[in-house]
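There are 2 protein chains.
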Amino acid sequence: MGLVTADMSVSLDLVGAGRDQSLEHPFGPAVGERFHTWMFEHGEESADEIAGILDAGAFIMGRHMFDPHRGEWDLGWTGWWGPEPPYRAPVFVLCSRPREPLTMEGGTTFHFVTEGPTVALERARAAAGERNVSIAGGVTTLNGYLAAGVVDELRLHVAPFTLGEGLRVFDDVPDLTMVPAASRTTPHVTHLTFRRA
Amino acid sequence: MGLVTADMSVSLDLVGAGRDQSLEHPFGPAVGERFHTWMFEHGEESADEIAGILDAGAFIMGRHMFDPHRGEWDLGWTGWWGPEPPYRAPVFVLCSRPREPLTMEGGTTFHFVTEGPTVALERARAAAGERNVSIAGGVTTLNGYLAAGVVDELRLHVAPFTLGEGLRVFDDVPDLTMVPAASRTTPHVTHLTFRRA
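Chains A and B, in that order, give the protein sequences. Per the numbering used here, residue 5 is the first one in the first sequence, and the count goes up by one each step. Per the numbering used here, residue 5 is the first one in the second sequence, and the count goes up by one each step.
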């Protein structure tokens with residue numbers, strides 16, 4: 005069985021999503037693309053870490069990471085990633101309203117799971133087989149799995165600015181102990197890896 | 005002129021001091037000595053970082069780091085560090101009530117500064133000459149200097165557990181941008197260095 009991994013880009017103060025997220029500003033207007041400058045503008049400095057983010061046999065994400073519409077499902081919405089999302093594997097989306105699976109080009113299928121995070125993880129593990137399951141976000145979804153103690157490897161990509169408010173990694177995750185596994189600094193990001201104790 | 009540096013041991017969720025600090029539990033009962041396990045039990049893994057903490061020509065600390073008594077000054081209190089504190093340099097203690105300087109063995113003199121953090125930094129810079137000034141803590145004092153934009157080098161020593169509550173580094177420090185400078189992982193701590201942008 006593979007590991008449960010998670011990657012998250014955060015600010016210096018561990019904010020993973022700013023306030024007032026919207027279609028126009030998926031990470032909030034104060035953040036813009038700053039969380040991902042290290043990836044989109046300086047990707048050559050972090051090629052291994054970027055490759056690791058998508059190296060999984062199945063993914064799990066929260067409803068708001070898939071669909072930022074706050075009200076009803078927009079059944080025409082097929083995610084942020086265009087017709088060929090980069091996951092190329094089953095993606096289990098936590099949600100409260102049922103929806104048929106959505107098969108995209110290139111191997112990605114979004115499955116909508118209404119039975120909660122434990123069932124989503126079981127389904128993702130079954131789908132991933134020997135490969136890893138990646139918790140793809142957002143922050144609240146990640147924190148739930150961290151609090152449940154099921155994340156084997158947490159990889160934080162720390163962008164070097166503070167935000168002061170927003171959803172933080174480790175909010176509502178008291179008393180979790182991990183093992184420092186790796187760290188690497190580029191001029192634009194600090195990559196940190198922690199493993200399950 | 006030297007740099008303004010700061011070292012702080014923090015939890016994974018960036019808490020630098022737990023709740024309910026007291027004489028018995030200077031970091032709060034939930035923390036105990038856990039912030040400093042990396043230093044006191046595994047110091048051989050982090051010899052350079054430990055040496056760096058005390059490599060300054062003058063230090064600044066907050067009132068509660070010097071004296072945990074919450075009411076009046078306890079004029080018999082001479083700090084946590086015994087008759088020969090490890091600073092071996094002038095230490096400027098931010099406080100609101102005047103007190104005569106306190107000369108200890110081994111080169112440490114505590115100076116009590118009632119004129120605020122800017123004056124404390126001026127006095128520390130003058131005392132340090134060409135050497136660095138170190139912001140020795142606690143968290144609130146550090147955050148004040150970070151928000152003022154005067155910290156040239158911030159060194160966080162991240163112990164791998166979450167606390168969930170307490171005073172955090174970067175609280176009330178919105179919109180600070182720094183430059184990632186170094187990181188190193190041991191089995192017990194992640195050392196991170198950020199420089200002023």
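Note that CB positions come from ideal geometry on N, CA and C, so glycine has one too. A quick note: this is a predicted structure, and the numbers were derived from the prediction, not measured.
When C-alpha distances from B/ILE57 are compared across B/VAL173, B/THR166, B/GLY170, B/SER138, the shortest belongs to B/SER138.
What A/PHE174 touches in chain B, judged by beta-carbon distance under 7 angstroms, is LEU16, ASP17, THR166, going in chain order. The C-beta distance from A/ASN147 to A/ASP176 rounds to 6 angstroms, short enough to meet the 8 angstroms contact threshold. B/VAL35 places its beta carbon less than 9 angstroms from that of B/GLY170. In the DSSP secondary-structure assignment, A/LEU158 is bridged to A/ALA10, A/PHE198. Per the C-alpha coordinates, the member of A/PHE39, A/PRO72, A/ILE64, A/PHE44 positioned closest to A/ASP24 is A/PRO72. Measuring C-alpha to C-alpha distances from B/MET43 to each of B/LEU79, B/THR112, B/SER13, B/ILE64 identifies B/SER13 as the nearest. In this structure, the beta-carbon distance from A/HIS115 to A/VAL97 falls below 9 angstroms. At least 9 angstroms separates the beta-carbon of B/LEU158 from that of A/THR189.
Taking C-beta atoms under 8 angstroms as the contact rule, A/ALA163 and A/PHE63 fail to qualify, at a distance of about 22 angstroms. Around B/ARG129, the same chain offers MET5, VAL137 as residues with beta carbons nearer than 7 angstroms, after the five sequence neighbours per side are excluded.
Counting only runs of 4+ residues, the alpha helix (DSSP H) found wholly inside the region 125–182 of chain B occupies 143–151, in chain order. A/THR113 is bridged by DSSP to A/PRO94, A/THR107.
Nearest Cα to B/GLU53 within the set B/ALA10, B/VAL19, B/LEU27: B/ALA10. Chain B places a beta carbon closer than 9 angstroms to that of A/HIS195, counting this residue as a contact. Here A/ALA34 carries a coil assignment [DSSP, helix/strand/coil]. For the beta strand (DSSP E) assignment, the uninterrupted runs of no fewer than 3 residues enclosed by the region 56–85 of chain A are, from N- to C-terminal side, 62–65.
Setting aside the 5 residues that flank it on each side, A/ALA140 is surrounded in the same chain by PHE63, MET65, each with a C-beta closer than 6 angstroms to its C-beta; the list follows chain order. Short of 6 angstroms from the beta carbon of B/ASP59, and not among the five residues preceding or following it, lies no beta carbon of its own chain. In this structure B/ARG200 does not touch B/LEU18 by the C-beta definition: roughly 19 angstroms separates them, more than the 8 angstroms allowed.
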